[in-house]
Amino acid sequence: MNAPSLVKGWCPGALRPMESGDGLLVRLRITGGIISAPKAHIIAKAAMQHGNGLIDLSGRANLQIRGVSASQWPHLIADLSRHGLIDHDAEAESVRNVMASPLAGINPSALLDIRPVVKALEARLVSEAPLHALPGKFGFLVDDGGLFGLCGQSTDIGFEAIKSGDETLFAVRLGNTETVALITPDQVADCAAALALTFIKTSSKSDKPLKRIKDLISLIGTEALLQKAGLSRLTNLPIKPASIQPFGFHPLDQTGFVGIGAPFGRWSANSLDALADIAAKDGTGELRLTPWRAILVPGLDAKAAKALIEKAGREFISQASDPRLAISACPGMPACRNASVKTHEDALAFATLPSLAGPSGMRLHVSGCEKGCANPAATTAVLVGKNGLYDLVVNGKASDTPHLFGLDKAAAEAALNDLFKGVSR
Ligand code: SF4
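Here the sequence shown stands for residues 3 to 427, where the numbers follow the numbering used here.
Now the structure itself:
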């Protein structure tokens with residue numbers, strides 16, 4: 003394999019990695035977020051051997067091997083290919099952008115086992131070449147209707163299992179709209195293809211290419227889009243509240259699972275390796291990747307769960323109330339060339355602010371620059387790196403006009419304290 007063809011932007015893959023401040027970033031899309039312990043070992047070993055030993059778990063439940071040099075990249079791909087972890091081509095890899103309920107097949111509260119549905123959807127996206135024209139960020143989601151579902155996760159085309167009388171159907175959601183069509187589980191792949199082809203066709207005739215399904219809805223409306231794709235069973239289904247974040251021990255049936263997170267989704271290869279060992283020894287031999295940046299270890303009894311949480315200690319996150327979950331931070335220095343601040347290190351220091359602990363609802367975004375990659379939404383406070391200092395945006399996005407400028411770390415901490423005290427009064 004020759005040198006990688008690089009893309010600029012935010013949707014890298016393994017075959018089209020992204021150049022970053024610490025080398026190539028190689029993103030692996032793991033089907034359904036389900037990874038066997040042996041494969042997790044292989045990825046951890048590859049990250050140590052060919053990268054800098056760091057692995058990100060992204061907000062779309064993908065694993066990203068960091069710090070790969072151009073000369074090591076072909077060896078990394080060869081190693082991972084031998085174990086079935088690499089797609090046949092970059093187009094197939096890019097379109098396989100499907101998020102699934104992380105406990106698929108093992109969650110007693112689920113309405114059905116969605117694993118075959120997810121596989122069929124991915125197979126269709128890969129095999130139907132015209133679908134490869136979808137934009138890089140265009141995503142699909144399959145929710146099994148059980149606890150720890152994916153409500154609230156950003157997507158373009160979502161399939162949410164619901165009960166309709168004795169039948170289990172899928173509600174087809176376009177982005178986060180309430181209007182849905184209802185289909186049977188075996189219609190999911192056809193329906194996804196029909197909607198996506200409608201998107202592609204309309205986009206090709208539009209003055210400006212469309213990026214997300216919301217652009218198409220603004221252009222032609224939800225009902226017209228469903229009709230164009232041959233879907234007519236419309237109903238209104240309120241959007242469910244976001245799920246609780248699955249950190250810590252959660253009993254399921256005879257056993258349960260433990261959700262463990264690394265701050266800002268930044269894992270070391272060694273810690274992934276250790277988690278895979280525990281999954282093989284005490285669990286079902288699998289790890290489940292989640293968009294909450296938690297890795298789930300299923301099949302643990304209460305004793306094994308306690309041992310894992312103790313072993314994880316304070317370095318890792320095992321409680322949904324952990325203040326580090328109230329902070330988003332982009333990779334920053336040295337991982338991103340646009341950054342002049344050490345976002346992760348600084349964000350960990352800000353996590354000790356008392357007002358961020360507990361259910362205050364306040365959130366902090368520490369961004370290396372005004373692009374705001376780690377969190378495009380408005381946030382209570384956004385610290386935006388500039389020339390080694392921070393500007394502070396209040397209730398806005400990283401690109402909004404700051405309230406305060408040029409803060410060093412101590413001044414930023416003081417400003418956050420004042421702000422959060424004011425907000426909570
Ligand atoms: S927000 Fe800026 S510094 Fe952070 S990852 Fe994106 S481009 Fe890099």
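Note that the Cβ used here is the ideal one computed from N, Cα and C, for glycine as well.
Check                                                                                                               : Outcome
From 194, 340 and 177, residue whose alpha carbon lies closest to that of residue 219                               : 177
Distance cut-off 7 Å: residue 332 Cβ against heavy atoms of the ligand SF4                                          : yes
Bridge-paired residues (DSSP) for residue 66                                                                        : 29 and 58
Residue ranges of each beta strand (DSSP E) within the region 215–282, 3 or longer                                  : 236–238, 250–253, 258–263 and 268–270
Cβ-Cβ distance between residue 249 and residue 321 below 8 Å                                                        : yes
Three-way DSSP call (helix, strand, coil) for residue 300 in this model                                             : strand
Own chain partners of residue 62 with C-beta closer than 8 Å, once the 5 adjacent residues on each side are dropped : 99, 101, 141 and 293
As assigned by DSSP and simplified to three states, the class of residue 343                                        : coil
Residue range of the alpha helix (DSSP H) that includes residue 79                                                  : 75–83
Beta-ladder partner(s) of residue 162, from DSSP                                                                    : 145 and 173
Nearest-angstrom beta carbon gap, residue 146 and residue 106 [assumed within contact, 8 Å]                         : 6 Å
Candidates 130, 139, 121 and 34, of which the one nearest residue 15 by Cα                                          : 139
Helix, strand or coil at residue 93 according to DSSP, with G and I counted as helix                                : helix
Residue environment, residue 317, which counts as buried when at least 16 other CB atoms sit within 10 Å            : exposed
For residue 305, the three-state DSSP class (helix, strand or coil)                                                 : helix
CB of residue 116 within 8 Å of CB of residue 96, strictly                                                          : no
Local conformation of residue 126 per DSSP, three classes                                                           : helix
Cβ pair residue 55, residue 271 closer than 8 Å                                                                     : yes
Inter-residue CB distance, residue 26 and residue 45 (contact presumed, cutoff 8 Å)                                 : Contact flag wrong, Cβ pair sits at about 15 Å.
Cα-Cα separation, residue 42 to residue 201                                                                         : 36 Å
Completely contained alpha helix (DSSP H) runs for the region 366–413, where each covers 4 or more residues         : none
Delimiting residues of the alpha helix (DSSP H) encompassing residue 50                                             : 39–52
Sub-8 Å separation of residue 148 and residue 113 beta-carbons                                                      : yes
Neighbourhood of residue 306 by C-beta, 6 Å cutoff - its chain only, sequence neighbours within 5 removed           : 284
Proximity test, residue 64 beta-carbon vs the ligand SF4 heavy atom, cut-off 7 Å                                    : no
Distance cut-off 7 Å: residue 138 Cβ against heavy atoms of the ligand SF4                                          : no
Separation of residue 81 from residue 50, as counted between CA atoms                                               : 12 Å
Inter-residue Cα distance where the pair is residue 155 and residue 123                                             : 18 Å
Segment limits, alpha helix (DSSP H) that includes residue 108                                                      : Taken as a continuous stretch (DSSP letters only), residue 108 belongs to no alpha helix (DSSP H), as it is neither H nor E.
Reduced DSSP secondary structure (H/G/I, E/B, other) of residue 18                                                  : coil
Under the three-state DSSP convention, the category residue 206 falls into                                          : helix
Residue 223 beta carbon near the ligand SF4 (any heavy atom closer than 7 Å)                                        : no
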